[in-house]
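Residue numbers (this note's numbering): 915 to 1043.
Using N, Cα and C, we set each Cβ at its ideal position, and we do this for glycine too.
Note that the structure is predicted; figures quoted are calculated from it, not measured.
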């Protein structure tokens, strides 16, 4: 069974974005790429530290809508706009993923919006039907 989780997202200016925040497929939850977007659809100001925190907080919120939390995350993909931000990003990331960190890939890449970071995650949460 495939379940779409959450409403379609909107970006800056209320523009509809053509994806849902997450999809549950069996025991896995796939969270769409998240950036440091606030509730108004704008990227938060500040550098990589502030944007990493907001991005992870957005992931936590999407996971919660799927009845999951960071401890369920098994894989993280990270795109950094500037590779020089890697160590600052890593320090913030380590605050959230402490005891049993998931597998992770991190690459430098241009990001489609004016953000310094984008992350998506895959969570594992066996159904308790």
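Do you know whose CA, among the options, lies nearest residue i's CA?
| i | options | result |
| --- | --- | --- |
| residue 1045 | 1026, 968 and 975 | The structure shown does not extend to residue 1045, since the chain spans only 915 to 1043, so no value can be given for it. |
| residue 954 | 947, 930 and 940 | 930 |
| residue 987 | 936, 966 and 1039 | 1039 |
| residue 1034 | 940, 1042, 1018 and 1023 | 1018 |
| residue 1041 | 976, 956, 971 and 980 | 980 |
| residue 905 | 997, 917, 994 and 1029 | For residue 905 there is no data in the structure shown, the boundaries of the chain being 915 and 1043. |
| residue 949 | 1011, 974, 998 and 984 | 974 |
Could you have a look at residue i and say whether DSSP puts it in helix, strand or coil?
| i | result |
| --- | --- |
| residue 975 | helix |
| residue 1025 | coil |
| residue 917 | strand |
| residue 1009 | helix |
| residue 933 | coil |
| residue 999 | helix |
| residue 953 | coil |
| residue 989 | strand |
| residue 1014 | coil |
| residue 938 | strand |
| residue 1020 | strand |
| residue 1044 | The shown model of the chain, from 915 to 1043, leaves out residue 1044, and the question about it has no answer. |
| residue 1035 | strand |
Check the C-beta distance from residue i over to residue j and give it rounded, since I have them as a contact under 8 Å.
| i | j | result |
| --- | --- | --- |
| residue 958 | residue 946 | Between residue 946 and residue 958 the Cβ distance is about 18 Å, and since that is not below 8 Å, they are no contact. |
| residue 992 | residue 1031 | 7 Å |
| residue 1002 | residue 963 | 6 Å |
| residue 1015 | residue 989 | Incorrect: roughly 11 Å between the Cβ atoms, too far for contact. |
Given a threshold of 16 other Cβ atoms within 10 Å of its Cβ, counted over all protein chains shown, does residue i qualify as buried or as exposed?
| i | result |
| --- | --- |
| residue 966 | buried |
| residue 939 | exposed |
| residue 978 | exposed |
| residue 1027 | exposed |
| residue 943 | buried |
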